[in-house]
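Trainee: Supplied in structure tokens, the structure appears directly below.
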């Protein structure tokens, strides 16, 4: 009788589970194609590292808790498999395995179940007592009962497991008792309590059965779907850090960007089913932190909700009805949210399951700019200036080389000059950044580096256009630049600005241009290391120096050490670190084209960052990016800390050289 | 009803230099742009199209490469583009230019009624602000210059109400159709062409009308028909300013001197 009832329930649950999973995952196929099947070896190793190794998960204090739950799920999957098989075919059980192996498994199940129970208690404590900000936002409040249901399910499963095995051991001590220390303790309690052991056994068995089946049915409907999708999502994750966005093809009748959910790639959609709503992206996002309407988790969640809502219609070839971009509401992203992104990448760095939030936002920007022609008013000038004068300010291109007036600077000639110094728009036109250009020129000359410039022929790299979603214009400018570099025989490039660096290095590669691009901080660190620049390490005029990592230098291009070693070589002291630094650094607020937009909503990102730096009480803030320079200088003035200097890393070095001479 | 919008290709004046010897503009290597005021004229025409379903025709007089300017209007949504290009149109002053443009508009009006003609208030290369009014005069249209807001276009009553931006004041005026408007930047924010429209316009046909089409007397147009001649063009010498205060060491003192000077010259209202 028990077998028949269980078999019926099990089959029904598995069918329901299969149907729910199919209903959801088949929607992923509505997405556009994207190559994520290459290099299986590398993908497997990434999967082991991030999924099974939980590399990102354990970076946070409570991550260890999840690590325990994850691995007990893996181990207990065997126990639960046995439970289901045994429930249908009572003669089949793990006892058929060789004795030693069987006992080892029982020991593992027993210990792991206890650990899980502890981990679940901790999870309850965290949600009820600790209440971390990212779990307590408006956004998840409505959904947190789901977390409690799942935690209760897991706790019940463990309790039922011990109840069942305790009762079995109490009745039949020979049942592998010595292999199950926890269950043996439970058995002793039960015996002492004088309860009806066979009743406890059968009640525990049924509780275990019901909870397990309920769990199976509930899983695909909840955020716990990630139990199924997170591991493959790590397998299909980006193999190179997604600092760039894919190209678009411009031809009549084509669709640009993502304005409707099925325009995302299948991987974008799969990402949305892999999100656990842990909130780490939100806790790292400068827009979320400063009170903007952007929350990367909500972006991913809205994609899932939108897909579930529109999926059936889309499958039938009808049009989506719930808009992907529009007024605030479940399953819809607002334009304000989409425009708040600084493309700093902190969300992608934080995500334990390698979800790529930033490219999704840029794809939606593309739709707004290229198809709808809807964007914040300030950007119209930027787009026109870029198109007509190839710089964001609309200054006459003829003035691009004016910064050289005081210096003997040579044009780049292939074969004669080693490096092209790609000055970039800020370094050419912005009065403060021009000082950095001059400092770099002085340092390069002092070290005897062979370098030259394109002068008036240099054009804007187009970074802001690409991050803002104006891919059409970016494409045009990228092609022009690639053509110039090829024509002039450029092979090695120094950039002043991390945005030029990333564009020339990562974006232009999509146009078949492979340049050796170095950021000035890397080059000067190397010159110091090779002894081509000699310093005595005694420069004290800048006082204590705190270093601010530019997102496009650090997180997007992995350059963390070079600027730090330069400063240390000059001052003889390690830089002061802000609370968020290195890979987890906090954006200045100007990336992703935000440099050219007003910041009307929430706190200013640069204020938040400046406050964090001021907490270390530095005399100088060292940056390595012209956008960061502007944002830090403005922020310090706004905060009444104008006496704190802001210096580019190469200016720090130039100061060190002066000191040595003088 | 047709709305005709006149556009002009101009050299990007921020990049123009004057040859000190010949006193002429050095045009070599200087990129051309759409006269900025004209972009607002195009936008207004498109708003009439969006609201009333009028057809928008963009016209321009200029050399063959002025086609790019018309394409931009097509990318923004104009229905048709006509380039008035002929050697005999060359060297025209504002009088001769307005004659050619008026003739083209007249020709268009034979196909469909022209209700509104819109021009930018002036071009940034000539800065005369005469061509728009010249066209209105030649066509005998009412002319409303310096429009910064269109309040109402009543097609059945055939009237238009606009606001004109004058020095220190606004003027609300009404005129019967057909009418010619010249517009200022404050009127609107020109739309940014979508990629689809850009690609569409790249292959769209720009009609070219020469004087064979317009049939004007060659002595009344171009250089021959132009009573105004430019005798000299030059950059004014800038008197060198003096350095006051010490901005590097006493920025507040320097700012105070600046403010005092500005008050003295009545540049700051107190």
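Chains as they are written, first to last, in the working numbering: chain A, 1 to 662; chain B, 663 to 932.
Backbone N, C-alpha and C fix where the C-beta goes; we use that ideal spot for every residue, glycine too.
Treat the numbers as computed from the prediction; the structure is a model and nothing was measured.
#1: State the Cα-Cα distance for the pair residue 325 of chain A and residue 380 of chain A, rounded to the nearest angstrom.
#2: Can you find a C-beta in chain A that's less than 8 Å from the C-beta of residue 708 of chain B?
#3: Where does residue 265 of chain A sit, in a helix, a strand or coil, going by DSSP?
#4: Excluding five sequence neighbours on each side, which residues of the same chain lie with their C-beta closer than 8 Å to the C-beta of residue 708 of chain B?
#5: Helix, strand or coil for residue 815 of chain B? Go by DSSP, reduced to three states.
#6: Flag residue 142 of chain A as yes if its beta-carbon sits less than 8 Å from any beta-carbon of chain B, otherwise no.
#7: What residues in the region 882-899 of chain B have a beta carbon less than 9 Å from any beta carbon of chain A?
#8: Roughly how far, in whole angstroms, is the beta-carbon of residue 303 of chain A from the beta-carbon of residue 363 of chain A, given that I think they are within contact range, below 8 Å?
#9: So, does the region 392-401 of chain A touch the region 417-437 of chain A, judging by three or more C-beta pairs under 8 Å?
#10: So which residues of chain A does residue 785 of chain B contact, with C-beta pairs closer than 8 Å?
#11: Just mark residue 471 of chain A as buried or exposed, buried being the case when its beta carbon has 16 or more other beta carbons within 10 Å.
#12: Is it true that the CB of residue 753 of chain B sits closer than 8 Å to the CB of residue 893 of chain B?
#13: Would a C-beta distance cut-off of 8 Å place residue 878 of chain B and residue 761 of chain B closer than the cut-off?
#14: Is the beta carbon of residue 344 of chain A sitting closer than 8 Å to the one on residue 551 of chain A?
#15: Three-state secondary structure (DSSP) at residue 871 of chain B?
#16: Taking C-beta pairs closer than 8 Å, name the residues in chain A that residue 856 of chain B reaches, listed in chain order.
#17: Taking residue 608 of chain A as the reference, give the member of A:529, A:280 and A:578 with the closest Cα.
#18: By Cβ distance below 8 Å, which residues in the same chain neighbour residue 783 of chain B in space, the five residues on each side in sequence not counted?
#19: Which residues in the same chain have their Cβ closer than 8 Å to the Cβ of residue 801 of chain B, if we skip the five residues on either side of it in sequence?
#20: By Cβ distance below 7 Å, which residues in the same chain neighbour residue 776 of chain B in space, the five residues on each side in sequence not counted?
#21: Would you call the region 225-232 of chain A in contact with the region 287-300 of chain A, where contact means no fewer than 3 C-beta pairs closer than 8 Å?
#22: Which of the three DSSP states, helix, strand or coil, is assigned to residue 673 of chain B?
#23: Rounded to whole angstroms, how far is the Cβ of residue 75 of chain A from the Cβ of residue 108 of chain A, which I believe are closer than 8 Å?
#24: At least one CB of chain B closer than 8 Å to the CB of residue 252 of chain A: is that the case?
#25: Residue 838 of chain B lies in the beta strand (DSSP E); which residues open and close that run?
#26: Please list the partners that residue 861 of chain B has in chain A, where partner means a Cβ-to-Cβ separation under 8 Å.
#27: Give me the Cα-Cα distance between residue 274 of chain A and residue 223 of chain A, rounded to the nearest whole angstrom.
#28: Count the other C-beta atoms from every protein chain shown that fall within 10 angstroms of the C-beta of residue 732 of chain B, then say buried if there are 16 or more, exposed otherwise.
#29: Which same chain residues, not among the five before or five after residue 29 of chain A, have their C-beta less than 8 Å away from its C-beta?
#30: Which runs of the alpha helix (DSSP H) spanning at least 4 residues fall entirely within the region 459-509 of chain A, listed in chain order?
#31: Buried or exposed: where does residue 272 of chain A fall if 16 or more other Cβ atoms within 10 Å of its Cβ makes it buried?
#32: In whole angstroms, give me the CA-to-CA distance for residue 269 of chain A and residue 31 of chain A.
#33: Does residue 723 of chain B come out as helix, strand or coil in the three-state DSSP assignment?
#34: Where DSSP assigns a beta bridge to residue 844 of chain B, which residues make up the other side?
#35: Report back the beta-carbon spacing between residue 205 of chain A and residue 164 of chain A to the nearest angstrom; my notes put them in contact at under 8 Å.
#36: Which partner residues of residue 746 of chain A appear in the DSSP bridge assignment?
Mentor: Here's the rundown:
#1: As a first step, residue 325 of chain A must be located in the first chain, where it is residue number 325. As a first step, residue 380 of chain A must be located in the first chain, where it is residue number 380. Near 20 Å, if we compare the C-alpha coordinates of residue 380 of chain A and residue 325 of chain A.
#2: The residue you call residue 708 of chain B lines up with position 46 of the second chain. With 8 Å as the cut-off, residue 708 of chain B does not count as an interface residue toward chain A.
#3: Taking the first residue of the first chain as position 1, residue 265 of chain A is located at position 265. Residue 265 of chain A falls in the strand class under three-state DSSP.
#4: Walking along the second chain from the start, residue 708 of chain B turns up at place 46. Result list for residue 708 of chain B: 718, 738, 739, 740 and 853, in chain order.
#5: Translated into positions along the second chain, residue 815 of chain B becomes position 153. DSSP places residue 815 of chain B in strand when its eight states are reduced to three.
#6: Taking the first residue of the first chain as 1, we reach residue 142 of chain A at position 142. Any reading at residue 142 of chain A must be qualified, since the residue scores a pLDDT of 47, below 50, and its modelled position is unreliable; no value is offered.
#7: none
#8: Mapped onto the first chain, residue 303 of chain A falls at position 303. Mapped onto the first chain, residue 363 of chain A falls at position 363. Not quite, the Cβ-Cβ distance comes to about 11 Å (not below 8 Å), so this is no contact.
#9: yes
#10: Within the second chain, numbered from 1, the residue matching residue 785 of chain B stands at position 123. Within 8 Å of the CB of residue 785 of chain B, no CB atom of chain A is found; the nearest one sits about 16 Å away.
#11: Counting from one through the first chain, the residue named residue 471 of chain A turns up at place 471. Buried, by the Cβ-count rule.
#12: Along the second chain, one-based indexing puts residue 893 of chain B at 231. Along the second chain, one-based indexing puts residue 753 of chain B at 91. In terms of Cβ geometry, residue 893 of chain B and residue 753 of chain B do not form a close pair [threshold 8 Å].
#13: As a working note, residue 878 of chain B is residue 216 in the second chain. As a working note, residue 761 of chain B is residue 99 in the second chain. In contact: residue 878 of chain B and residue 761 of chain B (Cβ atoms closer than 8 Å).
#14: Within the first chain, residue 344 of chain A is the residue found at index 344, counting from 1. Within the first chain, residue 551 of chain A is the residue found at index 551, counting from 1. A contact, by the Cβ cut-off of 8 Å.
#15: Numbered from 1 along the second chain, position 209 holds the residue referred to as residue 871 of chain B. DSSP places residue 871 of chain B in strand when its eight states are reduced to three.
#16: To locate residue 856 of chain B, count along the second chain from 1; it is residue 194. The contacting residues are 370, 371, 372 and 373.
#17: Indexing the first chain from 1 puts residue 608 of chain A at position 608. If we check each option's Cα against that of residue 608 of chain A, A:578 comes out closest.
#18: As a working note, residue 783 of chain B is residue 121 in the second chain. For residue 783 of chain B, where only same-chain residues beyond five positions count, the Cβ hits under 8 Å are 699, 791, 794, 807, 808, 844, 845 and 846.
#19: As a working note, residue 801 of chain B is residue 139 in the second chain. The residues are 764, 767, 768, 779, 840 and 842.
#20: What you label residue 776 of chain B is simply residue 114 of the second chain in a count that begins at 1. Excluding positions up to five away in sequence, the list reads 664, 666, 767, 770 and 840.
#21: no
#22: Your numbering for residue 673 of chain B matches position 11 in the second chain. Of the three classes helix, strand and coil, the one that applies to residue 673 of chain B here is strand, per DSSP.
#23: Your numbering for residue 75 of chain A matches position 75 in the first chain. Your numbering for residue 108 of chain A matches position 108 in the first chain. Their Cβ separation, rounded to whole angstroms, is 6 Å, which keeps residue 75 of chain A and residue 108 of chain A in contact under 8 Å.
#24: As a working mapping, residue 252 of chain A is identified with position 252 in the first chain. So, interface residue.
#25: If you number the second chain from 1, residue 838 of chain B lands on position 176. Per DSSP, residue 838 of chain B belongs to the beta strand (DSSP E) from 831-838.
#26: Residue mapping note: residue 861 of chain B aligns to position 199 of the second chain, counting from 1. Correct list: 250, 251 and 252.
#27: The residue labelled residue 274 of chain A in the question sits at position 274 within the first chain. The residue labelled residue 223 of chain A in the question sits at position 223 within the first chain. Between residue 274 of chain A and residue 223 of chain A, the C-alpha separation is close to 8 Å.
#28: Within the second chain, the letter at position 70 stands for residue 732 of chain B. Buried is the call here.
#29: The residue you call residue 29 of chain A lines up with position 29 of the first chain. Hits under 8 Å: 266.
#30: 463-467, 471-488 and 498-502
#31: Numbered from 1 along the first chain, position 272 holds the residue referred to as residue 272 of chain A. By the neighbour-count criterion, in which a residue is buried when 16 or more other Cβ atoms sit within 10 angstroms of its Cβ, residue 272 of chain A is buried.
#32: Taking the first chain and counting its residues from 1, one reaches residue 269 of chain A at position 269. Taking the first chain and counting its residues from 1, one reaches residue 31 of chain A at position 31. Going from the Cα of residue 269 of chain A to the Cα of residue 31 of chain A covers about 7 Å.
#33: Within the second chain, residue 723 of chain B is the residue found at index 61, counting from 1. If DSSP states are grouped into helix, strand and coil, residue 723 of chain B belongs with the strands.
#34: For the purposes of this step, residue 844 of chain B is taken as the residue at position 182 of the second chain. For residue 844 of chain B, which the question treats as bridged, DSSP gives the partners B:781.
#35: The residue you call residue 205 of chain A lines up with position 205 of the first chain. The residue you call residue 164 of chain A lines up with position 164 of the first chain. Indeed they touch by this definition, with Cβ atoms about 5 Å apart.
#36: Residue 746 of chain A cannot be examined here, being either before or after the span of chain A that is shown, 1 to 662.
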